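Going by this note's numbering, the sequence shown opens with residue 1, and the numbers climb by one from there. No residue lacks a Cβ here, since even glycine has one placed at the ideal position from N, Cα and C. Source: prediction; values computed, not measured. Structure first, commentary second.
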Amino acid sequence: MDKAIPIFRDWVPDWLVKVFLFLLILPSTVLFFLPMANVAAAAGYYGAEPADIQFSVALFYAGYVGFYSLERRFFRFVATKEYFIIFTFLQIITTLICYKTNELYVFFPVRFFQGMLFSSSVNLSLSLMFSRLKSERAREVSFSVFFGLLLCALPFNNLVTANLIDSFNFNIVYKGAVFSYLPCLVLLLISMNNTRLNVRFPLSKLDWQSFTMYSIMLCIVGYICIYGQEYYWLNDLRIRYAVIVLFGLMLVFLVRQKSMKRPYIDLNIFRFRNFYVGLIVLFVMYISRFASGITNNFFSGVLGFDPMHVSYINVTNLLGLILGVIIACCLTIQKQSVRMIWFPGFSLLLIYYCIMFFLFDIQADEQNYLLPLFIQGLGIGLIMVPAIVYAISSVPAIIGSSASAVCLAIRFVGFCASIAIINYAELYGKSKHFNSFQDRISIDDPIVKASLKTHSTGLMSKGFLNQSGAIKASGKLLIKRVEKQGTLRFAMDYYEFMAIMLIVILLLIAVFPHLNKTVLYLRSKRLAPA
């Protein structure tokens with residue numbers, strides 16, 4: 001930054017600049033996973049299915065991933081203050097549209113565009129904020145703050161919006177987001193100078209073709225992963241055509257990148273072994289991260305907790321995430337080997353899954369789940385930033401932006417894949433265990449008879465006047481209990497699978513000698529918080 005012509009006016013202190021920029025990123029980060037704050041409420045408001053709500057988040061993610069590489073051209077073309085004002089004003093408009101509409105054909109494209117705007121706000125805000133830190137730790141801190149915000153977005157959204165959604169329509173959260181942008185816009189107008197961070201670079205020869213192909217591929221990946229199970233995968237023509245179009249676009253995209261002088265994504269990053277290791281760790285971490293949704297479903301579906309209660313329980317998970325990111329940042333700044341960070345992180349995740357395996361029960365004390373949720377957050381926080389820094393630093397600085405873009409893409413794929421795996425495992429796991437319980441339940445079984453009698457007697461004591469009606473209702477209660485048992489068994493099976501996968505990852509980390517000598521550092525002096 002040019003000290004002679006500062007971006008912010010002289011009367012604005014440094015600490016206020018950082019707080020202001022942090023507040024500017026926060027509303028956009030909240031919008032990221034906002035539809036998943038209460039999937040049932042969002043689905044009811046839009047008259048949609050839960051899969052549609054998940055797809056809206058995937059579209060936001062796809063817009064962010066697809067526009068990341070192209071955004072740099074706009075970043076270098078528009079002056080800083082103008083750029084801030086433009087995308088903040090556009091964010092207000094798109095959020096207002098989300099507040100006003102309940103039609104999916106309007107909501108979906110707006111969500112994609114919001115992802116593009118999120119890419120702009122993140123890159124510019126963090127570039128300004130952390131250019132004021134000491135050079136040897138600015139990039140590490142910037143990565144930690146940004147990814148810490150992303151990790152905390154989902155539990156933070158649940159905590160903040162639970163009461164609002166319970167008291168009003170779902171779209172009230174978008175109204176709140178609109179008003180949260182206005183103070184930032186006013187502060188932008190009065191506190192910033194008309195200067196730019198970079199030399200003006202014209203917008204000629206924008207590679208919009210690669211952006212279009214790349215974004216379509218990402219949207220198709222999200223569509224296949226989220227709707228695949230519902231449509232029975234390749235048995236459905238829609239999924240089949242989506243797969244064919246995906247592979248066709250991928251082939252054209254790769255050929256195009258190889259033939260271009262300035263590719264949208266430089267494929268030379270895939271020549272480095274350590275880059276593959278970083279991508280694998282990121283992918284596994286994202287699969288592990290979103291598996292915690294099964295725990296939330298267990299809280300609400302089996303234990304009967306309302307969304308507000310679930311959000312309060314997840315406060316410990318939020319604290320674990322924050323602490324994990326802080327510890328990982330400190331270890332990265334101290335140039336610790338990556339093995340000393342990853343191994344404890346994945347070990348904590350393994351402990352979490354092992355503990356939760358034994359805590360799944362039809363009745364439980366909520367206090368028992370606070371420590372496991374904290375451990376899970378701590379493990380994820382330890383892994384996230386070091387994995388991204390490791391992957392980006394494994395390639396030359398000149399192609400570091402392409403490495404950042406691919407790391408972002410693999411996190412998107414991990415998010416979509418986790419949904420696909422959970423949907424697949426849930427369908428077959430629940431049905432397998434339900435059928436297994438059903439085969440062992442007979443009306444002549446003394447235990448079943450005793451259970452039905454207990455339920456019918458209890459129902460009659462609470463107002464059922466008709467004995468036959470009480471018997472029918474007790475049968476439905478028995479079926480509901482069997483369904484809960486199926487949910488429990490599915491959750492236990494899935495967490496057992498996750499524990500086995502983490503053991504394999506830990507063994508690979510332990511036996512891979514290069515990791516013990518690898519010290520985390522960022523080669524590029526340019527902030528690239530993918």
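With burial defined as no fewer than 16 other Cβ atoms inside 10 Å of the residue's Cβ, what is the status of residue i: buried or exposed?
i, result
"ILE419", "buried"
"CYS407", "buried"
"ASP52", "buried"
"GLY304", "exposed"
"THR212", "exposed"
"ASN38", "buried"
"GLY181", "The amino acid at residue 181 is misidentified as Gly; the sequence shows Tyr. Its Cβ being crowded by 16 or more others within 10 Å, TYR181 is buried."
"PRO13", "exposed"
"ALA40", "exposed"
"TRP208", "exposed"
"ASN158", "buried"
"ARG111", "buried"
"PRO183", "exposed"
"ASN368", "exposed"
"ARG523", "Caution applies to ARG523, whose pLDDT of 49 falls short of 50 and renders its modelled position unreliable; the model cannot decide the point."
"PHE512", "exposed"
"VAL504", "exposed"
"TYR352", "buried"
"ARG271", "exposed"
"LEU16", "exposed"
"PHE168", "exposed"
"GLU496", "exposed"
Are the CB atoms of residue i and residue j nearer to each other than 9 Å?
i, j, result
"GLY381", "LEU151", "yes"
"PHE77", "PHE118", "no"
"LEU318", "PRO109", "no"
"LEU373", "ILE313", "yes"
"MET285", "MET384", "yes"
"TYR227", "PHE67", "no"
"ASN123", "PHE179", "no"
"SER120", "GLU71", "yes"
"ILE92", "LEU31", "no"
"VAL302", "LEU427", "no"
"SER210", "PHE253", "yes"
"PHE283", "VAL395", "no"
"VAL65", "TYR214", "yes"
"PRO27", "ALA162", "no"
"GLY320", "ILE375", "yes"
"ILE239", "ILE399", "no"
"CYS354", "ALA499", "yes"
"MET217", "LEU249", "yes"
"ILE280", "ALA405", "no"
"LEU371", "THR332", "no"
Nearest to residue i by CA position, among the options, is which residue?
i, options, result
"SER288", "ILE422, VAL19 and PRO13", "ILE422"
"GLY44", "GLY66, LEU237, PHE170 and SER125", "PHE170"
"SER401", "PRO263, ARG489 and PHE412", "PRO263"
"VAL413", "ARG111, ALA387 and ILE220", "ILE220"
"GLU366", "ARG73, SER300, ILE25 and ALA491", "SER300"
"ILE509", "GLN363, LEU323 and VAL277", "VAL277"
"PHE89", "LEU189, PHE415, LEU370 and TRP233", "LEU189"
"ARG9", "GLN336, LYS480 and MET192", "MET192"
"PHE490", "VAL395, ILE351, PHE357 and ILE410", "PHE357"
"LEU128", "LEU506, ILE326 and PHE20", "PHE20"
"SER69", "ALA403, LEU507, LEU348 and ILE25", "ALA403"
"LEU104", "PRO35, MET116 and LEU187", "PRO35"
Just verifying my parser: in three-state terms, what is the DSSP assignment at residue i?
i, result
"SER210", "helix"
"SER394", "coil"
"LYS3", "Residue placement at LYS3 is flagged as unreliable, the pLDDT there being 43, under the threshold of 50; the coordinate-derived value follows with that caveat. Coil at LYS3, not helix or strand."
"SER524", "Residue placement at SER524 is poorly supported in this model, since its pLDDT is 48, which falls under 50; the coordinates still yield a value, given next. Coil, per DSSP."
"MET36", "helix"
"PRO307", "helix"
"ALA530", "Residue placement at ALA530 is flagged as unreliable, the pLDDT there being 45, under the threshold of 50; a coordinate-derived value is accordingly withheld."
"LYS261", "coil"
"ALA420", "helix"
"GLY228", "coil"
"ASP236", "coil"
"GLY47", "coil"
"THR95", "helix"
"ALA291", "coil"
"THR316", "helix"
"ASN171", "coil"
"ASN102", "coil"
"LYS205", "coil"
"PRO27", "helix"
Comparing the CB of residue i with every heavy atom of the ligand HEM, is any distance shorter than 8 Å?
i, result
"LEU251", "Judged by which ligands are present, the structure shown has none, so any question about the ligand HEM falls away."
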